[in-house]
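Peer 1:
Numbering (the numbering used here), first residue to last: 158 to 417.
1) Taking the C-alpha atoms as reference points, what is the distance between residue 160 and residue 166?
2) Taking the CB atoms as reference points, tell me whether residue 279 and residue 249 lie closer together than 9 angstroms.
3) Under 9 angstroms, do residue 281 and residue 317 count as touching if we go by C-beta distance?
4) Please classify residue 189: is it buried, with 16 or more other beta-carbons within 10 angstroms of its beta-carbon, or exposed?
5) What are the boundary residues of the alpha helix (DSSP H) that includes residue 213?
6) Along the chain, where does the beta strand (DSSP E) that runs through residue 221 open and close?
7) Rounded to the nearest angstrom, how far is the Cβ of residue 274 from that of residue 191, given a contact under 8 angstroms?
8) Where does the unbroken alpha helix (DSSP H) through residue 184 begin, and where does it stop?
9) Could you tell me how far apart the beta carbons of residue 195 and residue 302 are, in whole angstroms, since I believe they sit closer than 8 angstroms?
10) Please determine, among 182, 183, 210, 397, the residue with the shortest C-alpha to C-alpha distance to residue 299.
11) DSSP on residue 293, reduced to helix/strand/coil?
12) Ordered along the chain, which non-local residues of its own chain (more than five positions away) have a Cβ less than 8 angstroms from that of residue 247?
13) Using CA atoms only, rank isn't needed, just tell me which of 245, 223, 244 is closest to residue 256.
14) So, are the CB atoms of residue 276 and residue 186 less than 9 angstroms apart?
15) Closest to residue 207 by CA distance: which of 270, 315, 183 is it?
16) Is the separation between the beta-carbon of residue 289 and that of residue 310 shorter than 9 angstroms?
17) Pick out whichever of 236, 297, 261, 174 has its Cα sitting closest to the Cα of residue 197.
18) What residue does the beta strand (DSSP E) around residue 278 start on, and which one ends it?
19) Do residue 163 and residue 212 have their C-beta atoms within less than 9 angstroms of each other?
20) So if DSSP puts residue 247 in a beta bridge, which residue, or which two residues, is it bridged to?
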């Protein structure tokens with residue numbers, strides 16, 4: 158079960174990395190309920206537990222806000238340990254003149270598209286439900302002595318799909334403008350340069366002729382001179398005379414043997 162859970166969490170992290178640009182070191186924004194859960198179940202040190210959950214190469218930095226700290230302070234002695242631990246975390250600037258609730262503060266920090274790429278760790282079910290509607294916000298929660306990452310919601314998956322289609326496909330208005338410009342022969346300089354760049358990018362290298370420096374010309378065969386021809390003829394005649402003498406000497410030797 159632990160292996161399956163880890164592979165499932167890796168897929169979730171990969172989804173947000175691919176579709177929303179999350180990169181290490183991952184940043185985790187925690188609220189008071191999550192800090193209290195970590196201390197209650199002794200999931201310490203918290204950065205190591207989160208590093209293992211996210212399959213990260215290094216511990217992720219943990220952030221909170223002044224509004225979250227103010228809410229923990231109001232809860233009194235029951236959450237004093239959580240307040241002391243939260244004070245040691247880095248503080249994200251929420252820029253609220255007056256203290257607001259932790260839920261409103263976290264939602265304002267995330268905005269419409271979570272530009273800071275925060276992982277949000279909370280035990281608040283209402284906040285988790287609201288975060289499912291915000292694109293690109295992975296949610297971490299605890300269950301007893303284990304930590305989990307929520308699967309991406311349908312809204313987040315649809316947003317990622319639409320965003321990818323926008324990047325791939327050209328909008329209809331831009332496509333019509335480009336068609337009109339090309340039909341009138343008034344394409345902009347950017348479009349023409351872009352088209353030339355694309356053509357040069359995909360231009361195939363044509364086969365060229367052989368390198369003239371690597372091709373040596375055939376040297377004409379030297380014609381033998383008259384002296385060389387006469388010398389070769391004389392050598393041939395001498396060879397033929399020697400062969401004849403050998404044949405005659407062989408015939409004489411055969412005749413003496415037969416007479417004896």
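Glycine included, every Cβ here is placed at the ideal spot set by N, Cα and C.
Peer 2: Concretely, from the data shown:
1) 10 angstroms
2) no
3) no
4) buried
5) Run containing residue 213: none; DSSP gives neither H nor E here.
6) 219-221
7) About 18 angstroms separates the beta carbons of residue 274 and residue 191, which is beyond the 8 angstroms limit, so they are not a contact pair.
8) Membership of residue 184 in any alpha helix (DSSP H) is not indicated; the residue belongs instead to the beta strand (DSSP E) covering 184-187.
9) About 10 angstroms; that fails the 8 angstroms criterion.
10) 210
11) coil
12) 218, 219, 220, 221
13) When only C-alpha atoms are compared, the closest one is 223.
14) yes
15) 183
16) yes
17) The candidate whose alpha carbon is nearest that of residue 197 is 236.
18) 275-278
19) Going by C-beta atoms, residue 163 is nearer than 9 angstroms to residue 212.
20) According to DSSP, which records beta bridges pairwise, residue 247 is partnered with 220.
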